[in-house]
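FYI, the numbering for the sequence shown is 1 to 78, going by this note's numbering.
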Amino acid sequence: MRVVMGRIELTPEEDAALTEAHIIVAERAKKENGNYSDEMLEWWLLARLNTGQSTKELLEWARTAPFQPERKLMRGYA
1 MRVVMGRIEL TPEEDAALTE AHIIVAERAK KENGNYSDEM LEWWLLARLN
51 TGQSTKELLE WARTAPFQPE RKLMRGYA
């Protein structure tokens, strides 16, 4: 993964893993009644790639990471 002039460029392997991770999480969400946002998932997965995690690790996280419990977003500082 590289960022060039504000654009994220993925290798073909990263792009395939990102697509597969989306599919894995969507299927898990249906089975486990998981709460997730497709947009937030994309940011989460890209952040993992950006921090140097491998595509294998990315897919493992997609298979095992727990879903966020549904709750209201708090505003301001806690």
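Note that the Cβ used here is the ideal one computed from N, Cα and C, for glycine as well. Keep in mind the model is a prediction, meaning the values are calculated, not measured.
1. In angstroms, rounded to a whole number, what distance separates the CA positions of Asn50 and Glu27?
2. Output the distance between the C-alpha atoms of Ala85 and Asp15, rounded to the nearest integer angstrom.
3. Leaving out five residues before and five after Glu20 in sequence, what residues of the same chain have Cβ atoms less than 8 Å from its Cβ?
4. Quick one: grab the DSSP three-state call for Ala78.
5. When you compare only the Cα positions, how much space is there between Ala65 and Leu45?
The structure says:
1. Here residue 50 refers to the residue found at position 50 of the sequence shown. Here residue 27 refers to the residue found at position 27 of the sequence shown. Taking the straight line joining both Cα atoms gives about 25 Å.
2. An answer regarding residue 85 cannot be provided, because it is not within the stretch 1 to 78 covered by the chain.
3. Numbered from 1 along the sequence shown, position 20 holds the residue referred to as residue 20. Here the set comprises Leu59, Ala62.
4. Within the sequence shown, the letter at position 78 stands for residue 78. Because the pLDDT at Ala78 is just 49, under 50, the model does not fix this residue reliably, and the point stays unresolved.
5. On the sequence shown, residue 65 is found 65 positions in, with the first residue counted as 1. On the sequence shown, residue 45 is found 45 positions in, with the first residue counted as 1. Computed Cα separation, rounded: 12 Å.
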